[in-house]
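Below you'll find the structure, written out as structure tokens, and then a few comments.
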Amino acid sequence: MDRITTDLLAQGHISKEQIDRLQRAGVDNDTLLETLTKVGAVSVNFVKRFVVEQIRSGQYDISIIKQYHFLDAQSVMQHLAEVMDFQFLDLDSIDMDYRLTDRIPLSQLKRFNALPIKENDLSVTIAFLDPLNIEAQEAIQRLFPRKPIDIAVATEKQIQAYLFKVELKDSVKELVINIRNELNSIGREQTKDAAEASSILQLIEVILKACIKARASDIHIEPTENNCTVRARIDGKLSEVFIFDKDIYPPLASRLKILANLDIAEKRKPQDGRFSTPVGGREYDFRFSTLPIMYGESIVMRVLDKEKALVKLEDAGMDEAGYKKLHKALMTPYGIILVTGPTGSGKTTTLYGALNELRSVEEKVITVEDPVEYRMNLIQQVQVKASVGLSFADALRSILRQDPDKIMIGEIRDQETLEIAIKAALTGHLVISTLHTNDAVSSIPRMVDMGIEPYLISGSVVAIQAQRLIRKICPACKVEEQLPASVLAPYKQYFPDDTIFYKGAGCKECNGAGYTGREMISEVLPISETLSSMIAQSASKDAMIEQALKEGFEPMFVNGMKKVASGVTTLEEILRVVKS
21 MDRITTDLLA QGHISKEQID RLQRAGVDND TLLETLTKVG AVSVNFVKRF VVEQIRSGQY
81 DISIIKQYHF LDAQSVMQHL AEVMDFQFLD LDSIDMDYRL TDRIPLSQLK RFNALPIKEN
141 DLSVTIAFLD PLNIEAQEAI QRLFPRKPID IAVATEKQIQ AYLFKVELKD SVKELVINIR
201 NELNSIGREQ TKDAAEASSI LQLIEVILKA CIKARASDIH IEPTENNCTV RARIDGKLSE
261 VFIFDKDIYP PLASRLKILA NLDIAEKRKP QDGRFSTPVG GREYDFRFST LPIMYGESIV
321 MRVLDKEKAL VKLEDAGMDE AGYKKLHKAL MTPYGIILVT GPTGSGKTTT LYGALNELRS
381 VEEKVITVED PVEYRMNLIQ QVQVKASVGL SFADALRSIL RQDPDKIMIG EIRDQETLEI
441 AIKAALTGHL VISTLHTNDA VSSIPRMVDM GIEPYLISGS VVAIQAQRLI RKICPACKVE
501 EQLPASVLAP YKQYFPDDTI FYKGAGCKEC NGAGYTGREM ISEVLPISET LSSMIAQSAS
561 KDAMIEQALK EGFEPMFVNG MKKVASGVTT LEEILRVVKS
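See below:
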């Protein structure tokens, strides 16, 4: 039996009969305490209070919390802080002063699981995992001889994550010192010269390399009150990669603006640009955007990997049946094919995958995009520029006089663009574009709402694909998972009885997330003669879904459940991304 269960039994909080009953039922010793809480023999809150009391009295080491995954570490630490009258800190919600970490050796911070947070005229706040570790408190107090330390409590997971950021900051410490020396020798007022300093260029190279190595799709550089943070969007979620002192931000921002051919003196208005640069031996494009915020400008760079534009549709995660339906639609001589989904669902990648299949020397393919994300051979790409009167609609009108065979519209945003697209489809062109709807069938009423007559929609739309991106389980830490019956019950019809469920335990490869990479789940709705007739007669959405299911339509949720059953992703991930 585990330590806590043994002590609860010894103190009479649970009975021997309760334990014997569970052991006879085959409950493993490792999950005995969790099962006792589930059957109501003892509450989780009582166990938390019991553990905190034992830690406070010195009976348990604080590391015992890690052995019981069902005990939420944050709530246990919060209760411990409350009982001991210390401040509990959620490190993600505060703007730490990272300059304080320069005054304490990183090895000591790691040894004591401690992190300096802020300093004022009276004291220095230090977050500890173990507020009872007197040796740690005395060692850190010696480093701040003129001010007393204020003890705060934080979770081990957060302290470790922020110590890793401090380690990354230390890895570029020499570069940062060189930048400061160059800034001092140039003079801060000579902004352009400062931005050209060689150490800033090296720092940009380090940032781009680190983010691309981590598979980032976007890089965010943001000034805060105390720091300059670099965050990367990896598999759809943002995570901090670097943290610099605030004085590094101005030359860094200026140099990036020069790369993107923007005005470095303009800080009051948003600006957009792009640049290309080799990273790790490969050429990458970066779409660059600035936005004025309270402490400077928020900079976001979209990483455009040219090789991703050449991804085949079947390699993007489409199942064979869905791919065949979409491929058949792409081979039709005229009509509209729509790809739908929210922002960040991979619609543009799908469009480029489709273009990759369509482009040839024998046919003229023209695109209208805002902005042009990937540059492709054999395709004429038009960049929308509203400032000079070149909107989607204006560009489309001109394109129709350019004798195209196939047209790709980056996004249908308004009635005028949709009307011209339908006109192009009805006059013998194949048009592919994107629309913002949650599922395939919803695109029909959406187009009617935009002011298009149902008979025009029925005569022009060939197929509609809706899609999302789901995170894939990390293969390096993939383990079997036992899903509770209560969680599985509503979705049992989607899984065979012998289905084995998996999850990522979290490892170095995936930075503890349990997921690496993303894959598409989709639903493809070919518009049959029957569905076309129903659209023309303004049939209800439910009636169209019923007919589509009769014709073999597989909803996106079902497609996602197949990915769970095949061990590609988790049930939790599908429920996060798609509604049932």
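Reading the sequence shown from the start, the letters are residues 21 to 600 in my numbering.
Backbone N, C-alpha and C define an ideal beta-carbon position, used for all residues, glycine too.
A quick note: this is a predicted structure, and the numbers were derived from the prediction, not measured.
My guess is that Ile-432 and Val-388 are in contact by the Cβ rule of under 8 Å, so how many angstroms apart are they, rounded?
Taking the first residue of the sequence shown as position 1, residue 432 is located at position 412. Taking the first residue of the sequence shown as position 1, residue 388 is located at position 368. About 10 Å separates the beta carbon of Ile-432 from that of Val-388, a gap too long to meet the 8 Å contact definition.
Residues in the same chain with beta-carbon distance under 7 Å from Lys-523, minus the five sequence neighbours each way, listed in chain order, please.
Sequence index remark: in the sequence shown, residue 523 carries index 503 (1-based). Listed in chain order, the non-local C-beta contacts of Lys-523 below 7 Å within the same chain comprise Ile-493, Val-499, Glu-501, Gly-534 and Thr-590, local neighbours out to five positions each way being set aside.
Exposed or buried, what is Phe-90 when buried is set at 16 or more other beta-carbons lying within 10 Å of its beta-carbon?
Position 70 of the sequence shown holds residue 90. Phe-90 should be labelled exposed.
What span of residues does the alpha helix (DSSP H) with Ile-154 cover, start to end?
As a position in the sequence shown, residue 154 is number 134, starting the count at 1. Where Ile-154 is concerned, the enclosing alpha helix (DSSP H) starts and stops at 154-163.
From which residue to which residue does the alpha helix (DSSP H) around Gln-31 run?
As a first step, residue 31 is located in the sequence shown; it is residue number 11 there, counting from the start. For Gln-31, no alpha helix (DSSP H) encloses it, and the DSSP letter there is neither H nor E.
Which one or two residues does DSSP pair with Lys-138 in a beta bridge?
Taking the sequence shown and counting its residues from 1, one reaches residue 138 at position 118. Looking at the DSSP assignment, Lys-138 forms a beta bridge with Thr-145.
Give the single residue among Asp-40, Glu-382, Lys-583 and Pro-136 whose Cα lies nearest to the Cα of Lys-426.
If you number the sequence shown from 1, residue 426 lands on position 406. Considering only alpha carbons, the answer is Glu-382.
Closest Cα partner of Val-461 within the set Met-396, Lys-443, Gly-537 and Val-544:
Taking the sequence shown and counting its residues from 1, one reaches residue 461 at position 441. Of all alpha-carbon atoms in Met-396, Lys-443, Gly-537 and Val-544, the one lying nearest the alpha-carbon of Val-461 is that of Val-544.
Start and end residues, alpha helix (DSSP H) containing Leu-272
Position 252 of the sequence shown, counting from 1, holds the residue named residue 272. Element bounds for Leu-272: 269-279.
Would you mind reading off the limits of the alpha helix (DSSP H) that contains Val-103?
For the purposes of this step, residue 103 is taken as residue 83 along the sequence shown, with counting starting at 1. Counted as a single uninterrupted DSSP element, the alpha helix (DSSP H) harbouring Val-103 occupies residues 93-103.
Skipping 5 residues on each side, what residues in its chain have a beta carbon closer than 6 Å to that of Phe-264?
The sequence position of residue 264 within the sequence shown is 244, counting from 1. Here the set comprises Cys-248.
DSSP beta-bridge partners for His-456?
For the purposes of this step, residue 456 is taken as residue 436 along the sequence shown, with counting starting at 1. None, per the DSSP bridge assignment.
Taking Cβ positions, are Lys-289 and Glu-317 nearer each other than 7 Å?
For the purposes of this step, residue 289 is taken as residue 269 along the sequence shown, with counting starting at 1. For the purposes of this step, residue 317 is taken as residue 297 along the sequence shown, with counting starting at 1. Going by C-beta atoms, Lys-289 is not nearer than 7 Å to Glu-317.
Which residues in the same chain as Arg-123 place their Cβ atom closer than 8 Å to its Cβ, once the five residues preceding and following it in sequence are excluded?
Your numbering for residue 123 matches position 103 in the sequence shown. Answer for Arg-123: Pro-136, Leu-163 and Phe-164, listed in chain order.
Straight-line CA distance for Gln-43 to Leu-503?
Within the sequence shown, numbered from 1, the residue matching residue 43 stands at position 23. Within the sequence shown, numbered from 1, the residue matching residue 503 stands at position 483. Roughly 20 Å separates the two Cα atoms.
Can you give me the Cβ contacts of Thr-25 inside the same chain, cut-off strictly under 8 Å, excluding the 5 residues immediately before and after it?
Along the sequence shown, one-based indexing puts residue 25 at 5. Excluding sequence positions up to five before and after Thr-25, its CB lies within less than 8 Å of the CB of Ile-34, Ile-39, Leu-52, Leu-53 and Leu-56, all in the same chain and listed in chain order.
For Ile-442, which residues from the same chain have a beta carbon less than 6 Å from its beta carbon, with the 5 sequence-adjacent residues on both sides left out?
On the sequence shown, position 422 is the one that residue 442 refers to. In the same chain as Ile-442, and ignoring 5 residues on each side of it, the C-beta atoms closer than 6 Å to its own belong to Leu-476 and Ser-480, in chain order.
Select from Arg-23, Val-186, Ala-45 and Met-21 the residue whose C-alpha is nearest the C-alpha of Arg-119.
As a working note, residue 119 is residue 99 in the sequence shown. Between Arg-119 and the set Arg-23, Val-186, Ala-45 and Met-21, the nearest pair of CA atoms involves Val-186.
First through last residue of the alpha helix (DSSP H) which encompasses Val-64
By one-based count along the sequence shown, residue 64 stands at place 44. Where Val-64 is concerned, the enclosing alpha helix (DSSP H) stretches over 64-76.
To the nearest angstrom, how far is the alpha carbon of Ser-478 from that of Thr-454?
As a first step, residue 478 must be located in the sequence shown, where it is residue number 458. As a first step, residue 454 must be located in the sequence shown, where it is residue number 434. One C-alpha to the other measures close to 17 Å.
Using the C-alpha atoms, what's the distance from Pro-546 back to Ala-563?
Counting from 1 along the sequence shown, the entry for residue 563 is found at position 543. Counting from 1 along the sequence shown, the entry for residue 546 is found at position 526. So the alpha carbons of these two residues sit roughly 16 Å apart.
Cβ contact (3+ pairs, closer than 8 Å) linking the region 100-118 and the region 173-180:
They touch, by the three-pair rule.
Please check if any C-beta of chain C sits within less than 7 Å of the C-beta of Glu-500.
In the structure shown, chain C does not exist; there is a single protein chain.
Quickly, what does DSSP pair Tyr-304 with across the bridge? List them, please.
Your numbering for residue 304 matches position 284 in the sequence shown. Per the DSSP secondary-structure output, Tyr-304 pairs in a beta bridge with Thr-297 and Asp-325.
Thr-310 - DSSP class collapsed to helix/strand/coil:
Taking the sequence shown and counting its residues from 1, the one referred to as residue 310 is at position 290. DSSP places Thr-310 within a strand segment (E or B) once states are collapsed to three.
Once the 5 residues before and after Asp-115 are set aside, which same chain residues still bring their CB inside 8 Å of it?
Sequence index remark: in the sequence shown, residue 115 carries index 95 (1-based). Cβ within range, chain order: Thr-244, Glu-245, Asn-246 and Asn-247.
Beta-carbon spacing of Ile-555, Pro-465 below 7 Å
Position 535 of the sequence shown, counting from 1, holds the residue named residue 555. Position 445 of the sequence shown, counting from 1, holds the residue named residue 465. No; because the gap between Cβ atoms is not below 7 Å, this pair is not in contact.
Distance cut-off 6 Å: Glu-592 Cβ against heavy atoms of the ligand NAP:
Of ligands this structure carries none, so the ligand NAP is not represented either.
What three-state label does DSSP hand Phe-521 in the structure shown?
Residue mapping note: residue 521 aligns to position 501 of the sequence shown, counting from 1. Looking at Phe-521 - three-state DSSP - the assignment turns out to be strand.
State the start and end residues of the unbroken alpha helix (DSSP H) segment that holds Tyr-604.
Residue 604 falls outside the range modelled here, since the chain spans only 21 to 600, and no answer is possible.
Using CA coordinates, which residue listed in Val-588, Phe-262 and Gln-403 is at the minimum distance from Ser-191?
One-based indexing of the sequence shown puts residue 191 at position 171. It is Phe-262 whose Cα lies nearest to the Cα of Ser-191.
Beta carbon of Thr-368 nearer than 7 Å to that of Glu-393
Mapped onto the sequence shown, residue 368 falls at position 348. Mapped onto the sequence shown, residue 393 falls at position 373. In this structure, Thr-368 places its C-beta atom within 7 Å of the C-beta atom of Glu-393.
Near Val-62, what residues of its chain come up, given a Cβ to Cβ distance below 7 Å and the 5 sequence neighbours on each side ignored?
Along the sequence shown, read from residue 1 onward, the residue named residue 62 stands at position 42. Once the five neighbours on either side are set aside, the close Cβ partners of Val-62 are Leu-28, His-33, Ile-34 and Leu-56.
Buried or exposed for Ala-413, going by 16 or more other Cβ atoms inside 10 Å?
The count along the sequence shown starts at 1 and reaches residue 413 at position 393. Buried is the call here.
Contacts around Leu-446, its chain only, beta-carbon distance under 6 Å, and the 5 residues preceding and following it disregarded:
The sequence position of residue 446 within the sequence shown is 426, counting from 1. Ser-480.
Near Arg-379, what residues of its chain come up, given a Cβ to Cβ distance below 8 Å and the 5 sequence neighbours on each side ignored?
As a position in the sequence shown, residue 379 is number 359, starting the count at 1. Closer than 8 Å at the Cβ level, and outside the excluded window around Arg-379, lie Val-385, Met-396, Asn-397, Leu-398 and Ile-399.
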